[in-house]
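Following: one structure in structure tokens, then a few remarks.
Protein chains: 2
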Amino acid sequence: MPYFDNAATSFPKPEEVYREVEKYLRVYGANPGRSGHKMALQAGRVIFETRELLAKLFHIDDPMQVIFTSNATAALNLAIKGYLKRGDHVLLTSMEHNSVIRPIKALENMGVEHTIVTCAKDGALNPEDMEKALKSNSKMIISTHASNVTGTLMPVQEIGTISQKNHLAFLLDASQTAGVYDLDVNAMNIDMMAFPGHKSLLGPQGTGGLYIRKGLELCEMIQGGTGSKSDRIVQPEMMPDRYESGTLNTPGIAGLGAGIKFILRQGMDEIRHHESDLTNYLLEKLAEIKKVDVYGPMNTLKQAPVVSLNIRGMDSSEVAYELDSKYDIAVRPGLHCAPLAHETIGTLEQGTVRFSIGYFNTKENVDQAVNALYSICRG
Amino acid sequence: MPYFDNAATSFPKPEEVYREVEKYLRVYGANPGRSGHKMALQAGRVIFETRELLAKLFHIDDPMQVIFTSNATAALNLAIKGYLKRGDHVLLTSMEHNSVIRPIKALENMGVEHTIVTCAKDGALNPEDMEKALKSNSKMIISTHASNVTGTLMPVQEIGTISQKNHLAFLLDASQTAGVYDLDVNAMNIDMMAFPGHKSLLGPQGTGGLYIRKGLELCEMIQGGTGSKSDRIVQPEMMPDRYESGTLNTPGIAGLGAGIKFILRQGMDEIRHHESDLTNYLLEKLAEIKKVDVYGPMNTLKQAPVVSLNIRGMDSSEVAYELDSKYDIAVRPGLHCAPLAHETIGTLEQGTVRFSIGYFNTKENVDQAVNALYSICRG
Chain R
4 MPYFDNAATS FPKPEEVYRE VEKYLRVYGA NPGRSGHKMA LQAGRVIFET RELLAKLFHI
64 DDPMQVIFTS NATAALNLAI KGYLKRGDHV LLTSMEHNSV IRPIKALENM GVEHTIVTCA
124 KDGALNPEDM EKALKSNSKM IISTHASNVT GTLMPVQEIG TISQKNHLAF LLDASQTAGV
184 YDLDVNAMNI DMMAFPGHKS LLGPQGTGGL YIRKGLELCE MIQGGTGSKS DRIVQPEMMP
244 DRYESGTLNT PGIAGLGAGI KFILRQGMDE IRHHESDLTN YLLEKLAEIK KVDVYGPMNT
304 LKQAPVVSLN IRGMDSSEVA YELDSKYDIA VRPGLHCAPL AHETIGTLEQ GTVRFSIGYF
364 NTKENVDQAV NALYSICRG
Chain W
4 MPYFDNAATS FPKPEEVYRE VEKYLRVYGA NPGRSGHKMA LQAGRVIFET RELLAKLFHI
64 DDPMQVIFTS NATAALNLAI KGYLKRGDHV LLTSMEHNSV IRPIKALENM GVEHTIVTCA
124 KDGALNPEDM EKALKSNSKM IISTHASNVT GTLMPVQEIG TISQKNHLAF LLDASQTAGV
184 YDLDVNAMNI DMMAFPGHKS LLGPQGTGGL YIRKGLELCE MIQGGTGSKS DRIVQPEMMP
244 DRYESGTLNT PGIAGLGAGI KFILRQGMDE IRHHESDLTN YLLEKLAEIK KVDVYGPMNT
304 LKQAPVVSLN IRGMDSSEVA YELDSKYDIA VRPGLHCAPL AHETIGTLEQ GTVRFSIGYF
364 NTKENVDQAV NALYSICRG
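Chains R and W are the protein sequences, given in the same order.
With the first sequence counted from 1, adding 3 to any position gets you my numbering.
With the second sequence counted from 1, adding 3 to any position gets you my numbering.
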């Protein structure tokens, strides 16, 4: 089955990810950071190793500034609600996912203001528009690195500069790019960065995390057992324990570590070039199909490997259903949990058919998809 | 290695749990509830099947009232913070884990009052003490089903009755009992019940959940993509989506389903009797070692399979270290993230050495442990 739903979760994972999850479950198996026996220590080492690998990948000085969450949504919620206070103002782009917009809407009722900066029809953000929307009580800028609808890459460097110049916290949602695009939290002035473990980082579902710049204090959302300062009935303030209450998804984190090792071995550039080449090829082929409308930049220099399209006169769900049932091709139709992005690109009514490409996709997969689209267009 | 740390996480898991996690990762792999292609639908079915199995196990009428969380701590935080409001009063026992006490302490700053009802030295709660502590603004009672330090079983039925009579919400922390003790949310008047997936339910780490009685509305802690009502920028109110934003730990939930099927096949009574018999045997043997102090009821009718002890004159960490390094026996020393419980039983200084028994422990394991303790006592 050609799988083009990598923006939801990557599939397949590298063989070593499966093996590492199984090894963890069968061999180490214990609870890290609690008991101190051999198995628990081994589990703790697995966690720490993955933290180190993430720090290496994102150029983070201290691995303890990376905390594990169950997914990027949990990380974004923690960053947003842990940082913003009543009376604050926050800026975000109109291409954000509901995992940013819904928490921001929830904070509205608690006196946190926001401005949604509208992007162009291809999803591009003009950094000047962001700067113009600043207010005296602005405290934070939130941007996705790449839209999950159109793949549009955001001007992260420019946003980082604006944010630094104006003493704001910059929260990057790296859901569609972590593992494929180079992310350097210092060079890009990123203060917090949320990432899923199960997309381009190639780990299992149930993993994700948040980088928090040293010195930045968030109000933790969850308190509980941390295995540290067990004599205290208030949450400890040390990193990363403060934000990691309860038993972590250790088998998942073990698998995530294996995914990152795979990335480092293959080389992120090689992975990105492969995905980008296939995206280019898909875009070229799509341009030849008359009834197909493609959204976004249609240019892999400006776009992560995500392509949204529609067949004129057909509902996106109908197209996806045919791709799945007749051609065994997995894509995602609809609104992709990003209604404002669809408003921006003009597809709030019908949604889009989204092809999201991963490292294990092949040119043959793209050919199969294009041929299937031709057939569907012919009806 | 005799593994006696099952109260932290059960080990090993049944063979079918390993296999189901691997099968999910290798074969279904997709994101449930989002895309609608075959793999995504299969993933959705896995999630729903586990929800149904949990509903069956806990006598819950509608599986949609079970929501998945990353662990019991996240479930407890959601139940506590989602339900209690400024001006409310909540009652809890002195045997609660920090996953209850720390959120309650955090709410104190937000104007939520609490009373900690002190238990007896063996951890037992007198339900009358709970009733006496009620106030006109009391809104909730929280109790663990069994202490994670002493195993002491709490009078759940009586607490349920008090709670119903006084129109309070009853939140049960079933961390140490779900999967071993019969839990009937209706018969026991339980309004919310938090459970880990990776302890006696025999699933992988990274799983847990919360039962929420129908009609009970919690303020959700996390907003984000739910795959439902994607056109809306506010969180949908439908169950279980409202409380399950972001990608779930689907491989973990698949494994959890396999764990529950194992329990249903073996029979929960058979599992409980096995664990209880071993606990009894351990308690009998411990009573013969002069230098060993055992805490808790020392009676398996009143105690889940958790035994805390100390060797007089030795620190609990020292004993655990010897058990691990010389005898390859895994236990947990220290305060077990429950400082008030240790205050209650008088071990706040030295902690305890905790033996927690699981279904895969054997009589030989107990003999090994007892022999090791004899040797350590002899120095």
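Just so you know, even glycine gets a beta-carbon here, dropped at the ideal spot from N, CA and C.
Three CB pairs or more closer than 8 Å across the region 91-99 of chain W and the region 121-140 of chain W: Pairwise C-beta distances place the region 91-99 of chain W in contact with the region 121-140 of chain W, as three or more of them are shorter than 8 Å.
Under the three-state DSSP convention, the category Thr147 of chain W falls into: In the second sequence, the residue the question calls residue 147 of chain W occupies position 144. Three-state DSSP puts Thr147 of chain W in a strand.
Sequence-distant residues of its chain with Cβ nearer than 8 Å to Arg89 of chain R (five each side left out): By 1-based counting over the first sequence, the position of residue 89 of chain R is 86. Result list for Arg89 of chain R: Met113, Gly114, Val115, in chain order.
Endpoints, alpha helix (DSSP H) assigned at Tyr214 of chain R: Position 211 of the first sequence, counting from 1, holds the residue named residue 214 of chain R. First-last for Tyr214 of chain R: 211-215, but that is the beta strand (DSSP E), not the alpha helix (DSSP H).
Ile107 of chain R beta carbon near the ligand ATP (any heavy atom closer than 7 Å): The ligand ATP is absent from the structure shown, which contains no ligand whatsoever.
Per DSSP, the bridge partner or partners of Thr96 of chain W: The residue given as residue 96 of chain W occupies position 93 in the second sequence. Beta-bridge pairing links Thr96 of chain W to W:Val120.
Contact with chain W by His390 of chain R, beta-carbon distance below 8 Å: Here chain R comprises residues numbered 4 to 382, so residue 390 of chain R is not present and cannot be evaluated.
Exposure label - Asp65 of chain W; buried when at least 16 CB within 10 Å: Your numbering for residue 65 of chain W matches position 62 in the second sequence. Asp65 of chain W is exposed by the Cβ-count criterion.
For Pro199 of chain R, the residue or residues it bridges with in DSSP: The residue you call residue 199 of chain R lines up with position 196 of the first sequence. Bridge partners of Pro199 of chain R according to DSSP: R:Gly211.
Val356 of chain R, buried or exposed, once every other Cβ within 10 Å from all chains shown has been counted against 16: On the first sequence, residue 356 of chain R is found 353 positions in, with the first residue counted as 1. It counts as buried.
Beta-carbon spacing of Leu338 of chain R, Ser102 of chain W below 8 Å: Working through the first sequence from its first residue, we reach residue 338 of chain R at position 335. Working through the second sequence from its first residue, we reach residue 102 of chain W at position 99. No; because the gap between Cβ atoms is not below 8 Å, this pair is not in contact.
Spatial distance of Asp327 of chain R from Ser378 of chain R (CA atoms): For the purposes of this step, residue 327 of chain R is taken as residue 324 along the first sequence, with counting starting at 1. For the purposes of this step, residue 378 of chain R is taken as residue 375 along the first sequence, with counting starting at 1. Cα-Cα distance, rounded: 13 Å.
Sub-8 Å separation of Leu56 of chain R and Gly212 of chain R beta-carbons: Looking up residue 56 of chain R in the first sequence gives position 53. Looking up residue 212 of chain R in the first sequence gives position 209. Leu56 of chain R places its beta carbon 8 Å or farther from that of Gly212 of chain R.
Proximal residues to Tyr27 of chain R (C-beta, below 8 Å), its chain only, five neighbours per side dropped: Counting from one through the first sequence, the residue named residue 27 of chain R turns up at place 24. Take Tyr27 of chain R, set aside five residues on each side of it, and the residues of its chain with a beta-carbon closer than 8 Å to its own are Ala46, Val49, Thr253, Pro254, Ala257, Gly258, in chain order.
Residue span of the beta strand (DSSP E) that contains Arg357 of chain R, given as start and end: Locating residue 357 of chain R in the first sequence gives position 354, counting from the first residue. Arg357 of chain R -> beta strand (DSSP E) spans 356-359.
Anticipated Cβ contact below 8 Å, Ser141 of chain R with Leu175 of chain R, distance rounded: Residue mapping note: residue 141 of chain R aligns to position 138 of the first sequence, counting from 1. Residue mapping note: residue 175 of chain R aligns to position 172 of the first sequence, counting from 1. About 17 Å separates the two Cβ atoms, so there is no contact after all.
Rounded separation between Leu312 of chain W and Gly299 of chain W - CA only: Start at 1 with the first residue of the second sequence, and residue 312 of chain W comes out as number 309. Start at 1 with the first residue of the second sequence, and residue 299 of chain W comes out as number 296. Distance from the CA atom of Leu312 of chain W to the CA atom of Gly299 of chain W, rounded to whole angstroms, is 9 Å.
Buried/exposed call for Ala190 of chain R, threshold 16 Cβ in 10 Å: Residue numbering aside, residue 190 of chain R sits at position 187 when the first sequence is read from its first letter. Counting the other CB atoms within 10 Å of its CB gives Ala190 of chain R a total below 16, which places it among the exposed residues.
Residues of the region 100-134 of chain W with Cβ closer than 9 Å to any Cβ of chain R, in chain order: Here the close residues are His100, Asn101, Ser102, Val103, Ile104, Arg105, Pro106, Ile107, Lys108, Ala109.
Val30 of chain W versus Ile332 of chain W: straight-line alpha-carbon distance, rounded: Stepping through the second sequence from its first residue, residue 30 of chain W is reached at position 27. Stepping through the second sequence from its first residue, residue 332 of chain W is reached at position 329. Distance between the alpha carbons of Val30 of chain W and Ile332 of chain W is about 37 Å.
Cβ contact check for the region 31-45 of chain R and the region 172-186 of chain R: 3 or more pairs under 8 Å: With fewer than three CB-CB distances shorter than 8 Å, the region 31-45 of chain R does not count as touching the region 172-186 of chain R.
Minimum C-alpha distance to Thr2 of chain W - residue among W:Arg54, W:Lys168, W:Asn302: Absent from the model: residue 2 of chain W. The displayed extent of chain W is 4 to 382, so no value can be given.
Cβ pair count under 8 Å reaching 3, the region 72-91 of chain W against the region 290-307 of chain W: Three or more Cβ pairs closer than 8 Å define a contact, and the region 72-91 of chain W falls short of that threshold against the region 290-307 of chain W.
Same chain, Cβ closer than 8 Å to Gly249 of chain W, five either side skipped, listed in chain order: Taking the second sequence and counting its residues from 1, one reaches residue 249 of chain W at position 246. Here the set comprises Ile225, Gly227, Gly228.
Beta-carbon spacing of Thr153 of chain R, Val309 of chain R below 8 Å: To locate residue 153 of chain R, count along the first sequence from 1; it is residue 150. To locate residue 309 of chain R, count along the first sequence from 1; it is residue 306. Thr153 of chain R places its beta carbon less than 8 Å from that of Val309 of chain R.
Whole-angstrom distance between Phe173 of chain R and Val120 of chain R, CA atom to CA atom: Within the first sequence, numbered from 1, the residue matching residue 120 of chain R stands at position 117. Within the first sequence, numbered from 1, the residue matching residue 173 of chain R stands at position 170. Computed Cα separation, rounded: 15 Å.
Proximity of Asp8 of chain W and Ser359 of chain W at Cβ, strictly below 8 Å: Working through the second sequence from its first residue, we reach residue 8 of chain W at position 5. Working through the second sequence from its first residue, we reach residue 359 of chain W at position 356. It is a contact, given that the beta carbons lie within the stated cut-off.
For Gln238 of chain W, three-class secondary structure by DSSP: The residue given as residue 238 of chain W occupies position 235 in the second sequence. DSSP places Gln238 of chain W in coil when its eight states are reduced to three.
Thr72 of chain W - containing alpha helix (DSSP H), residue span: Translated into the one-based positions of the second sequence, residue 72 of chain W becomes position 69. Taken as a continuous stretch (DSSP letters only), Thr72 of chain W belongs to no alpha helix (DSSP H), being part of the beta strand (DSSP E) at 69-72.
Supposed contact pair Arg268 of chain R and Ser38 of chain W - C-beta distance, whole angstroms, cut 8 Å: Taking the first residue of the second sequence as 1, we reach residue 38 of chain W at position 35. Taking the first residue of the first sequence as 1, we reach residue 268 of chain R at position 265. That belief does not hold up - the Cβ atoms of Ser38 of chain W and Arg268 of chain R are roughly 30 Å apart, past 8 Å.
CB-CB length for Ser73 of chain R against Lys202 of chain R, believed under 8 Å: Within the first sequence, numbered from 1, the residue matching residue 73 of chain R stands at position 70. Within the first sequence, numbered from 1, the residue matching residue 202 of chain R stands at position 199. Actually they do not touch by this definition, with Cβ atoms about 14 Å apart.
Supposed close pair Arg235 of chain R, Pro342 of chain W - CB separation, criterion 8 Å: Indexing the first sequence from 1 puts residue 235 of chain R at position 232. Indexing the second sequence from 1 puts residue 342 of chain W at position 339. Yes, Arg235 of chain R and Pro342 of chain W are in contact; Cβ-Cβ is about 7 Å, under 8 Å.
Backbone secondary structure at Arg335 of chain W - three-state DSSP: Start at 1 with the first residue of the second sequence, and residue 335 of chain W comes out as number 332. Correct three-state label for Arg335 of chain W: strand.
For Asp296 of chain R, the first and last residue of its enclosing alpha helix (DSSP H): On the first sequence, position 293 is the one that residue 296 of chain R refers to. Unbroken run through Asp296 of chain R is the beta strand (DSSP E), 295-297; no alpha helix (DSSP H).
Length of the line joining the Cα atoms of Gln167 of chain W and Asp370 of chain W: Walking along the second sequence from the start, residue 167 of chain W turns up at place 164. Walking along the second sequence from the start, residue 370 of chain W turns up at place 367. Between the alpha carbons of Gln167 of chain W and Asp370 of chain W lies a distance of about 45 Å.
Proximal residues of chain W, C-beta to C-beta of Asn252 of chain R below 7 Å: Within the first sequence, the letter at position 249 stands for residue 252 of chain R. Chain W residues near Asn252 of chain R: Ser73, Gln208, Gly209, Asn252, Gly255.
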